[in-house]
Amino acid sequence: MQNRFRLFFGALAILALVGCHESLFQESKPVPNKIWEIGNTISFEVEVTDTMEGYDFYIDLRNEATYQYANIFMFVNTTFPSGKSAIDTVECFLADQSGRWLGTGLGDVLDNHILFKQNIRFPNEGTYTFGFQQGMRNEALPSILDLGITIEKHKNK
Numbered sequence: 022m023q024n025r026f027r028l029f030f031g032a033l034a035i036l037a038l039v040g041c042h043e044s045l046f047q048e049s050k051p052v053p054n055k056i057w058e059i060g061n062t063i064s065f066e067v068e069v070t071d072t073m074e075g076y077d078f079y080i081d082l083r084n085e086a087t088y089q090y091a092n093i094f095m096f097v098n099t100t101f102p103s104g105k106s107a108i109d110t111v112e113c114f115l116a117d118q119s120g121r122w123l124g125t126g127l128g129d130v131l132d133n134h135i136l137f138k139q140n141i142r143f144p145n146e147g148t149y150t151f152g153f154q155q156g157m158r159n160e161a162l163p164s165i166l167d168l169g170i171t172i173e174k175h176k177n178k
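Shown next, in the form of structure tokens:
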């Protein structure tokens, strides 16, 4: 019952975050056993047909309040339709300097919607693969529940 409660409110939070914007892609995948092993790559395939539009790329991370760090480092491997690839290292802040969690949620589950890249344009049409690996010093990183991405049309403010 508690897992259904978490799933319902997690889905509701994601819908609230992306409901006001036109999304190209949104998907989230569970982390096996709530432990992100250092060799476990979480991948997403995104079909891109519009190379003129600007997009905002978000990392959606769900963690438990028992997560022991204020941040998480990730390696993001982007494979382009041509087969070429590029790797980014990204640091996502999950808590402020006083230790207060930045994510939203109820109870001990926190949803983080973190801007990774803003107003990007995809250079080619085709399938892009985004592979995420945790880049912390721990071989096994407990209390990470889900990892996802949201790519939505950029809104000029």
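Residue 126 in this note's numbering sits at position 105 of the sequence shown, with consecutive numbering throughout.
Ideal Cβ placement from N, Cα and C applies to all residues, glycine included.
Looking at Trp122, Val111, Ser164, Asp71, the one whose alpha-carbon comes closest to that of tyrosine 79 is Val111. Pairing leucine 168 with isoleucine 56 gives a Cβ-Cβ distance that is not under 7 Å.
Note: leucine 166 is not bridge-paired with any residue in the DSSP secondary-structure output.
For proline 53, the three-state secondary structure derived from DSSP is helix.
Contact check for methionine 95 and glutamine 154: beta-carbon distance about 7 Å, within the 8 Å limit, so the pair qualifies. Scanning Glu173, Ala161, Lys176, Asn177 for the CA closest to the CA of glutamine 89 turns up Ala161. According to the DSSP assignment, threonine 148 belongs to the beta strand (DSSP E) that extends over 147–155. Separation of serine 44 and threonine 70 (C-alpha to C-alpha, rounded to the nearest whole angstrom) is 13 Å. In this chain, the beta strand (DSSP E) harbouring glutamine 139 covers 130–141. Shortest Cα-Cα distance from glutamate 173 to any of Glu58, Glu74, Asp117 involves Glu74.
Distance from the Cα of serine 103 is smallest, within the candidate group Arg83, Arg158, Asn145, for Asn145. Nearest C-alpha to glutamate 68 among Glu48, Asp81, Ile93, Met157: Glu48. Where serine 64 is concerned, the enclosing beta strand (DSSP E) starts and stops at 63–69. Between glutamate 85 and aspartate 129, the CB-CB gap stays under 7 Å. The beta carbons of asparagine 92 and leucine 115 sit closer together than 7 Å.
Partner residues in a beta bridge of alanine 86, as assigned by DSSP, do not exist.
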